[in-house]
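Heads up: the protein sequence lines correspond to chains U and G, in order.
Converting from the first sequence to our numbering requires adding 396 to each position, the first position being numbered 1.
Converting from the second sequence to our numbering requires adding 9 to each position, the first position being numbered 1.
Every residue, glycine too, gets a C-beta built ideally from N, C-alpha and C.
Reading through the structure tokens given below for one structure.
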Amino acid sequence: MTAPEPEVAAARMTAEPTDPDVDLHVPAQRRQSWRAQGPIVAVVALGGAIGASVRYGAGLLWPTASGAFPWTTLWVNVVGCAVIGAFMVLITDVWAAHRLVRPFFGTGVLGGFTTFSTYALDIQRLVDGGHPRTGLAYLAATLCAALAAVWLAATVTRRLVAGRQR
Amino acid sequence: MNWLDWLLVIIGAMVGAPLRYLTDRAIQKRHDTVFPWGTFTVNVCGCLILGLVTGATAAGAASPHVQLLLGTGLCGALTTYSTFSYETLRLTENGAGFFATANVAASVVAGLGSAFIGVTLAEALFR
């Protein structure tokens, strides 16, 4: 595996958007009418239902006892972050997918699967329930693991893509 | 398997996810900075709502069904960790390290703050 040439890497850096959900730097996306938005909203809703169901199922399979470290929510968020890191590279650089694939999977499924509100409330519950150290550890562990996961997945996927294209 | 519970989560998510998409779109259209205000807003609002719902459930004013519909379903799908971390990564890679750090700090502080406010408010209202 060799590193991509700097210009190629730089071009790729700008190709991938900052916001995976809406990229309004594309003039066509900024102008989209309600009629064009309809199918996007529908697939986001469908994807969100699938993602949230998987998250709910994970919570039933691996319930977290009160006062315990919320491992299930941590893994849900970390896995979702790893998947979006790989997915965004593939959909931008490799796969000329249908225009509804990104809203369906990135915005819908992964957005519905991962959750920021449960993360915050888990911490609130731990602190309020007299487990401030567990709460603080969970706060930091989720943050570090999620950011490491998205970075690692995007980097590895870019390397694999660059290796295959050469 | 309790089908009603699953149905409530699915209905909540079918509202929450599009609401996140449309809010993000509406906010991103209205500013030209690189800070991801759209995701920040939905995450903070979702934490406040989930705080209210959790507080109301704890006080006995909301049933576990409400918690599943509005909490697990709506707030779970309205808020996102994947977009939050991906945007932070992209900001870092594009040389906007300050905004990346600010995004992480502001999201955690504001998210936690609104979660605590939501719970406290609900307990004061319903107890």
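Find the residues of chain U that neighbour residue i, judging by a C-beta separation of less than 8 Å, and give them in chain order.
i	result
residue 59(G)	513, 514, 516, 517
residue 26(G)	440, 441, 443, 444, 445, 447, 448, 503, 504, 507, 508
What does residue i touch in chain U if you count any residue whose Cβ is under 7 Å from its own?
i	result
residue 82(G)	448
Report the neighbours of residue i on chain B: residues whose CB is nearer than 8 Å to its CB, in chain order.
i	result
residue 493(U)	The displayed structure is made up of protein chains U and G, and chain B is not among them.
Can you tell me which of the three DSSP states residue i falls into?
i	result
residue 578(U)	In the structure displayed, chain U extends from 397 to 562; residue 578(U) sits before or after that span and is not available.
residue 136(G)	coil
residue 458(U)	coil
residue 72(G)	coil
residue 463(U)	coil
residue 495(U)	coil
residue 412(U)	coil
residue 558(U)	helix
residue 45(G)	coil
residue 438(U)	helix
residue 95(G)	helix
residue 512(U)	coil
residue 473(U)	helix
residue 417(U)	coil
Determine, for residue i, whether the minimum Cβ-Cβ distance to residues of chain G falls below 8 Å.
i	result
residue 451(U)	yes
residue 506(U)	yes
residue 525(U)	no
residue 414(U)	yes
residue 477(U)	yes
residue 497(U)	no
residue 437(U)	yes
residue 404(U)	For residue 404(U), the predicted model reports a pLDDT of 44, less than 50, meaning its position is unreliable; a value from the coordinates is still stated below. No, residue 404(U) does not count as interfacial toward chain G.
residue 457(U)	no
residue 434(U)	no
Answer with yes or no whether the minimum CB distance from residue i to chain U is below 8 Å.
i	result
residue 45(G)	yes
residue 18(G)	yes
residue 12(G)	no
residue 96(G)	yes
residue 114(G)	no
residue 31(G)	yes
residue 76(G)	no
residue 117(G)	yes
residue 89(G)	yes
List, in order along the chain, the chain G residues whose C-beta lies closer than 7 Å to that of residue i?
i	result
residue 487(U)	Within 7 Å Cβ-Cβ: nothing; residue 487(U) doesn't reach chain G, min ~12 Å.
residue 547(U)	98
Please compile the residues from chain G whose C-beta is within a distance smaller than 9 Å of the C-beta of residue i.
i	result
residue 559(U)	Under the 9 Å cutoff, chain G gives no residues; its nearest Cβ is about 20 Å from residue 559(U).
residue 463(U)	Those within 9 Å of residue 463(U) in chain G number zero; the least Cβ separation is about 15 Å.
Note down, in chain order, every chain U residue with its Cβ under 9 Å from the Cβ of residue i.
i	result
residue 136(G)	None at all; the shortest Cβ gap to chain U is about 14 Å.
residue 42(G)	Correct list: empty, because the minimum Cβ distance to chain U is about 11 Å.
How about the segment 491-505 of chain U and the segment 35-44 of chain G: do they share at least three Cβ pairs that are nearer than 8 Å?
-> They do not touch, by the three-pair rule.
Give the residues from the segment 100-111 of chain G that approach chain U closer than 7 Å (Cβ to any Cβ), ordered along the chain.
-> 100, 102, 103
Could you say if the segment 433-440 of chain U and the segment 47-55 of chain G meet the contact criterion of at least three C-beta pairs nearer than 8 Å?
-> no
The segment 56-64 of chain G touching the segment 547-556 of chain U, judged by at least three CB pairs closer than 8 Å = no
Taking Cβ-Cβ distances below 9 Å as the criterion, which residues of the segment 64-75 of chain G are in contact with chain U?
-> none
With contact counted as at least three CB pairs below 8 Å, one residue from each stretch, are the segment 90-103 of chain G and the segment 506-515 of chain U in contact?
-> yes
With 9 Å as the C-beta to C-beta threshold (strictly closer), list the residues of the segment 528-547 of chain U near chain G in chain order.
-> 535, 538, 539, 542, 543, 545, 546, 547
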